[in-house]
């Protein structure tokens with residue numbers, strides 16, 4: 032089954 | 128100092144109610160453009176981004192940038208004391224220990240004042256890139272809530288597929304499968320009922336329904352909700368508020384098979 036990604040993978044530190 | 132007056136306490140009550148199960152302690156960042164909040168849930172899968180623009184308040188005054196560290200459970204207890212139609216004023220000093228909340232009912236000349244203790248919150252802020260989404264869907268917020276709640280009865284996850292013909296929500300679970308397809312639809316007399324789809328390329332993504340159902344607690348804030356999707360990026364769920372204010376939720380997708 033697909034696994035849950037976290038937002039850190041897409042959104043960087045400002 | 129900060130002084131921000133809302134015509135109706137209802138707005139803040141609903142916003143806090145919509146996010147308090149997702150995030151617990153968060154900073155209300157106040158500056159001259161308004162009151163902003165950005166916070167992730169504990170598992171770093173979902174993010175809340177709220178902006179209450181200065182125009183949503185009347186009057187609005189914020190002399191110096193101030194972060195109000197608030198426990199939302201505590202804020203909920205205080206806001207319970209406000210009637211929906213009360214005028215609500217938020218006040219804080221420049222380096223505050225407390226947030227002062229005043230609820231006024233002009234009809235009955237009642238004035239309630241509460242001080243909520245603030246906390247130091249070292250919050251991790253993420254930079255959210257400006258994204259040109261491949262698909263933007265606008266639909267009635269109660270419709271979106273119904274679909275998410277219905278599908279969650281069958282499965283933990285929902286696949287969302289968009290094409291120019293429509294948006295399809297589908298799930299597969301132990302007891303069986305389910306799918307709901309919405310086609311673009313314009314109702315001149317009831318524009319709130321419209322389903323609008325803007326698409327530059329088809330999108331297919333999978334998300335956890337638990338989070339989507341949680342976001343749908345904001346349905347009372349706006350009759351319509353906007354879903355913005357691109358392949359392999361987080362979903363944006365936006366509830367537009369009066370005065371170009373907004374409540375946005377981001378949800379990381381489930382990836383791989």
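Chains as they are written, first to last, in our numbering: chain R, 32 to 45; chain F, 128 to 384.
Glycine residues also receive a C-beta, built at the ideal position from the N, C-alpha and C atoms.
Collapsed DSSP secondary structure at residue i in the structure displayed
{"i": "residue 274 of chain F", "result": "helix"}
{"i": "residue 370 of chain F", "result": "helix"}
{"i": "residue 217 of chain F", "result": "strand"}
{"i": "residue 319 of chain F", "result": "helix"}
{"i": "residue 358 of chain F", "result": "coil"}
{"i": "residue 154 of chain F", "result": "strand"}
{"i": "residue 376 of chain F", "result": "strand"}
{"i": "residue 202 of chain F", "result": "helix"}
{"i": "residue 312 of chain F", "result": "strand"}
{"i": "residue 383 of chain F", "result": "coil"}
{"i": "residue 286 of chain F", "result": "strand"}
{"i": "residue 365 of chain F", "result": "strand"}
{"i": "residue 344 of chain F", "result": "helix"}
{"i": "residue 172 of chain F", "result": "coil"}
{"i": "residue 300 of chain F", "result": "coil"}
{"i": "residue 149 of chain F", "result": "coil"}
{"i": "residue 350 of chain F", "result": "coil"}
Nonlocal neighbours in the same chain, by C-beta distance under 7 Å from residue i, ignoring five residues either side
{"i": "residue 168 of chain F", "result": "149, 150"}
{"i": "residue 292 of chain F", "result": "310"}
Boundaries of the beta strand (DSSP E) in which residue i is found, first to last residue
{"i": "residue 187 of chain F", "result": "187 to 189"}
{"i": "residue 241 of chain F", "result": "237 to 244"}
{"i": "residue 136 of chain F", "result": "Note, residue 136 of chain F: premise wrong, no beta strand (DSSP E); alpha helix (DSSP H) at 136 to 146."}
{"i": "residue 133 of chain F", "result": "129 to 133"}
{"i": "residue 309 of chain F", "result": "304 to 309"}
{"i": "residue 330 of chain F", "result": "330 to 335"}
{"i": "residue 228 of chain F", "result": "225 to 232"}
{"i": "residue 256 of chain F", "result": "Per DSSP, residue 256 of chain F belongs to no beta strand (DSSP E) and is neither H nor E."}
{"i": "residue 164 of chain F", "result": "161 to 167"}
Contact test: residue i Cβ vs the ligand MG heavy atom, cutoff 7 Å
{"i": "residue 238 of chain F", "result": "Ligands in the displayed structure: none, and consequently the ligand MG is not present."}
Chain-order list of residues whose beta-carbon lies under 8 Å from that of residue i (same chain, five-residue window excluded)
{"i": "residue 367 of chain F", "result": "349, 351, 353, 373"}
{"i": "residue 290 of chain F", "result": "326, 329"}
Residues near residue i in its chain [Cβ-Cβ closer than 6 Å; skip 5 each side]
{"i": "residue 131 of chain F", "result": "184, 187, 217"}
Assess contact between the stretch 218 to 234 of chain F and the stretch 179 to 195 of chain F, defined as three or more Cβ pairs (one per stretch) separated by less than 8 Å. Is contact present? Counting C-beta pairs closer than 8 Å gives three or more between the stretch 218 to 234 of chain F and the stretch 179 to 195 of chain F, which meets the contact rule.
What residues in the stretch 314 to 348 of chain F bring their beta carbon closer than 7 Å to a beta carbon of chain R? From the stretch 314 to 348 of chain F, only 333, 335 have a Cβ closer than 7 Å to chain R.
Would the stretch 257 to 274 of chain F and the stretch 322 to 332 of chain F be scored as touching if the rule is three or more Cβ pairs under 8 Å? Contact between the stretch 257 to 274 of chain F and the stretch 322 to 332 of chain F is present, because at least three Cβ pairs lie under 8 Å.
To be precise: take each residue of the stretch 165 to 178 of chain F, compare its Cβ to all Cβ atoms of chain R, and keep it if any distance is under 9 Å. Which residues remain? Taking a C-beta cut-off of 9 Å against chain R, the contacting residues of the stretch 165 to 178 of chain F are 167, 170, 171, 172, 173, 174, listed in chain order.
Does the structure place the stretch 274 to 281 of chain F close enough to the stretch 235 to 248 of chain F that three or more beta carbon pairs sit under 8 Å? They do not touch, by the three-pair rule.
Please name the residues in the stretch 249 to 268 of chain F whose beta-carbon is closer than 9 Å to at least one beta-carbon of chain R, in chain order. For the stretch 249 to 268 of chain F, residues whose beta-carbon sits nearer than 9 Å to a beta-carbon of chain R comprise 251, 252, 253, 254, 255, 256.
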